[in-house]
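Q: There's a structure below that I have some questions on.
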Amino acid sequence: MLHSTGPLLSVDLTARDTHTEEIDDVLESYIGGRGVGTKLAHDRIPFDADPLGVENRLLFATGPMQASQMSFTGRMNATAVSPLTDGLLSSNAGGFMSRHFADTGYSAIEFAGESDELLIVHVSDESVEFDPVPDLVGATVPETCTHIREAHGLDADHVACIGPAGEHKVRFASIMTTEERAFGRGGLGAVLGTKNVKAVTFDGDSPPEIEIPAGQMEIHREAATDDHVMKQQGTVAVMDLANEVNGLPSYYFSEQSFEGVEGINGTAVAEKKYKKGSCSACAFACKLPTRDEERGIETEGPEFEVAMAFGSNAGVDDIVDVMKSNKLCDKYGLDAISAGNVVASYLAAEDEFGNRELIWDLVEKIAHRDGVGDTLAEGIDRTHEEFGVENWTVKGMDFAAHEGRVLHGQALSYAVANRGADHMYATFYSVEYPLVPSDQAMEPRGFEGKAERLVERENLMALNDSGVVCKFSRDYMLPERYEMLFGADFEELLAVGDRTVTLERHFNNQRGFDDGDDCLPYADDLPGFKDALEEYYEVRNWNTDGTVPSTALPA
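Position in the sequence shown (from 1) plus 1282 gives the number in our numbering.
Shown next, in the form of structure tokens:
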């Protein structure tokens, strides 16, 4: 089976020391990326570690496909205990950093302990350097990247950094790379902030010697030549469809359609797009560099989830307003989905939907934990009672845009996902809108056959995150192509995903998670949900209380 190569680099920030370990057995069983990060975290982080404490560890890992030049492979993975969900969580980022990371020669890099002063850690194939940067306290993401470029000659593609939000331990702070790409959901930026690391850079000339089958170029050519709507509109292309099926969260989830959708939909974004945008080696080019010259706003995006969170969910119908919110989140290092949703919760409490000036003020206050921002920085799950609003979260993570009250398989996915209410854990929405061929589609309502299909999709997405292969490759990465690229039977590859999901669940079980956490605020309105939940556990070979029996743990 194709897998990453190279040792684990362990960086002790307390002692400012490093050592390497051979992890060939882990790489052979988990491929790379999320699988390897999950296995290492499961075995090396204490089950009772405080997410914002010294015992938590942050792991970066990429996969064997970063040795290719195939589209959909400019991504990598980060794993730690999440300050937002309190469970083990992996986050996936695109951009251009993954190949610089691979050039260091390491398959995975772990950050343990914490520094007594703010640092940049420079990792190369020759050394690890600890660079104190007291002058960067409070610096924004662009300011940090500018400093690194001027002081070290490394552009933003080499950099993973945090903004003020990470330093202030906002529970949904992001780790940013290429300035505008994010390890977004779950607050891993706060973990880096707790360790007093402002940035990590990756550079080298020791890429892994991994031979990728020539069939990769067929996939690359199709990605380059296909006239796909995402090339013009990104993920926002689905917004009109979501609105038409009464599935677009609006006004802090109180409504399911938005009368101002034309102001924030795919067409609105496409009108502001001024050039192509991509990730490393990718010809699909679905990113959205956008600009409004009249107001002087330039950003990348927003994608669908952000257009929902800062658009319809906040009562905002102007795409340029959403672009500015997106820009502020990138600047300060915030997950734009969670930031938009927690701001929407405050707007609901204060009856201030559509107040764009208040929205931008709240984003800045959250990033610096200033005034009411200090409370909102804790996230919806920890603050909803104080503001008198409903708790629109699962396991502490707020909901993404794909509406589970309409797409019932997606609802089940939100409930059981180890990450919480995240749409990318299984991307089940794609088979219910549907965004897949008709022979793969399922009716959006009801649960018949969906538990088994959900397990398959969770395993497949975990495989993608281990490869690492972008999830938007779904029209191109057919089972036979996985087999061709990874040199293994498709079921064997799905088993890698199964092991990864099971280890995540087992780690979280040890922290007290069980079936009581696999819940939804609208579960009582979904006939058959409880039975589907029980069927999901059965398909997974887990206990009826949502815990992993010792017999189901990977060897």
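A virtual CB, placed ideally from N, CA and C, is assigned to each residue, including glycine.
1. Would you identify the three-state DSSP class for Asp1413, choosing helix, strand or coil?
2. Would you tell me roughly how many angstroms separate the C-alpha atoms of Leu1745 and Thr1657, rounded to the nearest one?
3. Give the straight-line distance between the Cα atoms of Glu1305 and Gly1288, rounded to the nearest whole angstrom.
4. How do the stretch 1371-1385 and the stretch 1755-1771 stand: do at least 3 beta-carbon pairs fall below 8 Å, yes or no?
5. Quick check on this structure: which residue in Ala1723, Gly1661, Thr1517 has the alpha carbon closest to the alpha carbon of Leu1689?
6. Within 10 Å of its beta-carbon, does Thr1302 have 16 or more other beta-carbons around it, so buried, or fewer, so exposed?
7. Roughly how far, in whole angstroms, is the beta-carbon of Val1750 from the beta-carbon of Gln1498, given that I think they are within contact range, below 8 Å?
8. Taking Cβ to Cβ, would you say Ala1390 is nearer than 8 Å to Ala1343?
9. What does the alpha-carbon distance come out to for the pair Asp1599 and Gly1702?
10. Identify every run of the alpha helix (DSSP H) within the stretch 1462-1534, keeping only runs that are complete inside it and at least 4 residues long; order them along the chain.
11. Which residues bound the alpha helix (DSSP H) around Asn1608?
12. Answer with buried or exposed for Ala1837, where buried requires no fewer than 16 other C-beta atoms within 10 angstroms of its C-beta.
13. Measuring CA to CA, which of Asn1547, Pro1333, Lys1569 is closest to Val1602?
14. Pick from Met1458, Gly1435, Phe1454: whose alpha carbon is nearest that of Pro1424?
15. At the level of alpha carbons, what is the spacing between Met1605 and Ala1596?
16. I believe Val1415 touches Lys1477 by the beta-carbon criterion, under 8 Å. Please report the beta-carbon distance rounded to the nearest angstrom.
17. Alpha carbon to alpha carbon, how far is Glu1411 from Arg1326? Give it in angstroms, no decimals.
18. For the stretch 1806-1823 against the stretch 1704-1724, are there 3 or more C-beta pairs whose distance is under 8 Å?
19. For the stretch 1657-1696, which segments carrying the beta strand (DSSP E) assignment without a break, of at least 3 residues, lie completely within its bounds, in sequence order?
20. Taking only the alpha-carbon atoms, compute the straight-line gap between Ser1353 and Lys1558 and give it to the nearest angstrom.
21. My output table needs one value for Ser1748: the three-state DSSP class, helix, strand or coil.
22. When you compare only the Cα positions, how much space is there between Arg1357 and Leu1717?
23. Report the partner residues of Arg1787 according to the DSSP bridge assignment.
24. Below 8 Å, how does it come out for the stretch 1360-1374 and the stretch 1460-1472: are there three or more Cβ pairs, yes or no?
25. Under DSSP, the beta strand (DSSP E) around Ala1343 begins and ends at which residues?
26. What are the residues that DSSP puts in a beta bridge with Gly1559?
27. Cα separation between Leu1322 and Tyr1388?
28. Helix, strand or coil for Cys1427 per DSSP?
29. Please report the distance separating the alpha-carbon of Phe1681 from that of Cys1752.
30. Output needed for Ser1620: all residues of its chain with C-beta closer than 6 Å, excluding positions within five of it in sequence on either side, in chain order.
31. Taking all protein chains shown into account, do 16 or more other C-beta atoms lie within 10 angstroms of the C-beta of Glu1310, making it buried, or fewer, making it exposed?
32. Can you find the residues in the same chain that come closer than 6 Å, C-beta to C-beta, to Val1482, ignoring five residues on each side of it along the sequence?
33. Whole-angstrom Cβ separation of Asp1780 and Gly1828, contact assumed at under 8 Å?
34. Compute the distance between the beta-carbons of Val1645 and Val1625, then report whether it is under 8 Å.
35. Flag this pair as yes or no: are the beta carbons of Leu1530 and Ser1594 separated by less than 8 Å?
36. Report back the beta-carbon spacing between Gly1445 and Thr1422 to the nearest angstrom; my notes put them in contact at under 8 Å.
A: Answer, in terms of the structure:
1. In the sequence shown, residue 1413 corresponds to position 131, counting from 1. Correct three-state label for Asp1413: strand.
2. As a first step, residue 1745 is located in the sequence shown; it is residue number 463 there, counting from the start. As a first step, residue 1657 is located in the sequence shown; it is residue number 375 there, counting from the start. About 37 Å.
3. Stepping through the sequence shown from its first residue, residue 1305 is reached at position 23. Stepping through the sequence shown from its first residue, residue 1288 is reached at position 6. Checking the displayed sequence, the identity of residue 1305 turns out to be Ile instead of Glu. So the alpha carbons of these two residues sit roughly 8 Å apart.
4. no
5. As a first step, residue 1689 is located in the sequence shown; it is residue number 407 there, counting from the start. Checking every option, the nearest Cα to that of Leu1689 belongs to Ala1723.
6. Position 20 of the sequence shown, counted from the start, is the residue given in the question as residue 1302. Classification of Thr1302: exposed, given that the 10 Å Cβ count is below 16.
7. The count along the sequence shown starts at 1 and reaches residue 1750 at position 468. The count along the sequence shown starts at 1 and reaches residue 1498 at position 216. About 14 Å separates the two Cβ atoms, so there is no contact after all.
8. Here residue 1390 corresponds to residue number 108 of the sequence shown, with the count starting at 1. Here residue 1343 corresponds to residue number 61 of the sequence shown, with the count starting at 1. Yes, they are a contact pair.
9. For the purposes of this step, residue 1599 is taken as the residue at position 317 of the sequence shown. For the purposes of this step, residue 1702 is taken as the residue at position 420 of the sequence shown. Looking at the two C-alpha atoms, the distance is approximately 28 Å.
10. 1470-1476, 1498-1507, 1512-1515, 1521-1526
11. Residue mapping note: residue 1608 aligns to position 326 of the sequence shown, counting from 1. First-last of the alpha helix (DSSP H) with Asn1608: 1601-1614.
12. If you number the sequence shown from 1, residue 1837 lands on position 555. So Ala1837 ends up on the exposed side.
13. The residue labelled residue 1602 in the question sits at position 320 within the sequence shown. Minimum Cα distance to Val1602 is reached at Asn1547.
14. Position 142 of the sequence shown, counted from the start, is the residue given in the question as residue 1424. Nearest C-alpha to Pro1424: Met1458.
15. Locating residue 1605 in the sequence shown gives position 323, where the first residue counts as 1. Locating residue 1596 in the sequence shown gives position 314, where the first residue counts as 1. Going by the C-alpha atoms only, they are around 13 Å apart.
16. As a first step, residue 1415 is located in the sequence shown; it is residue number 133 there, counting from the start. As a first step, residue 1477 is located in the sequence shown; it is residue number 195 there, counting from the start. Rounded, the Cβ-Cβ distance is 14 Å, inconsistent with contact.
17. Translated into positions along the sequence shown, residue 1326 becomes position 44. Translated into positions along the sequence shown, residue 1411 becomes position 129. Spanning the two alpha carbons is a distance of roughly 24 Å.
18. no
19. none
20. For the purposes of this step, residue 1353 is identified with residue 71 of the sequence shown, where counting begins at 1. For the purposes of this step, residue 1558 is identified with residue 276 of the sequence shown, where counting begins at 1. Approximately 15 Å, taken between the alpha carbons.
21. Position 466 of the sequence shown, counted from the start, is the residue given in the question as residue 1748. Three-state DSSP puts Ser1748 in a helix.
22. Within the sequence shown, numbered from 1, the residue matching residue 1357 stands at position 75. Within the sequence shown, numbered from 1, the residue matching residue 1717 stands at position 435. Arg1357 and Leu1717: Cα-Cα distance of roughly 22 Å.
23. Locating residue 1787 in the sequence shown gives position 505, counting from the first residue. Answer is none; Arg1787 lacks a bridge partner.
24. yes
25. The sequence position of residue 1343 within the sequence shown is 61, counting from 1. That run of the beta strand (DSSP E) goes 1340-1343.
26. Counting from 1 along the sequence shown, the entry for residue 1559 is found at position 277. According to DSSP, Gly1559 bridges with Lys1569.
27. Start at 1 with the first residue of the sequence shown, and residue 1322 comes out as number 40. Start at 1 with the first residue of the sequence shown, and residue 1388 comes out as number 106. Going by the C-alpha atoms only, they are around 14 Å apart.
28. Numbered from its first residue, the sequence shown carries residue 1427 at position 145. Here Cys1427 sits in helix by DSSP.
29. Here the question's residue 1681 lines up with position 399 in the sequence shown. Here the question's residue 1752 lines up with position 470 in the sequence shown. Distance between the alpha carbons of Phe1681 and Cys1752: 21 Å.
30. For the purposes of this step, residue 1620 is identified with residue 338 of the sequence shown, where counting begins at 1. The residues are Phe1454, Asp1680.
31. Counting from 1 along the sequence shown, the entry for residue 1310 is found at position 28. Glu1310 is exposed by the Cβ-count criterion.
32. As a first step, residue 1482 is located in the sequence shown; it is residue number 200 there, counting from the start. Once the five neighbours on either side are set aside, the close Cβ partners of Val1482 are Val1403, Ala1442.
33. For the purposes of this step, residue 1780 is taken as residue 498 along the sequence shown, with counting starting at 1. For the purposes of this step, residue 1828 is taken as residue 546 along the sequence shown, with counting starting at 1. Not confirmed; about 16 Å, so no contact.
34. In the sequence shown, counting from the first residue as 1, residue 1645 sits at position 363. In the sequence shown, counting from the first residue as 1, residue 1625 sits at position 343. Their beta carbons are under 8 Å apart, which means Val1645 touches Val1625 by this criterion.
35. Along the sequence shown, read from residue 1 onward, the residue named residue 1530 stands at position 248. Along the sequence shown, read from residue 1 onward, the residue named residue 1594 stands at position 312. In contact: Leu1530 and Ser1594 (Cβ atoms closer than 8 Å).
36. Reading the sequence shown from its first residue, position 163 is the one you call residue 1445. Reading the sequence shown from its first residue, position 140 is the one you call residue 1422. Their Cβ separation, rounded to whole angstroms, is 5 Å, which keeps Gly1445 and Thr1422 in contact under 8 Å.
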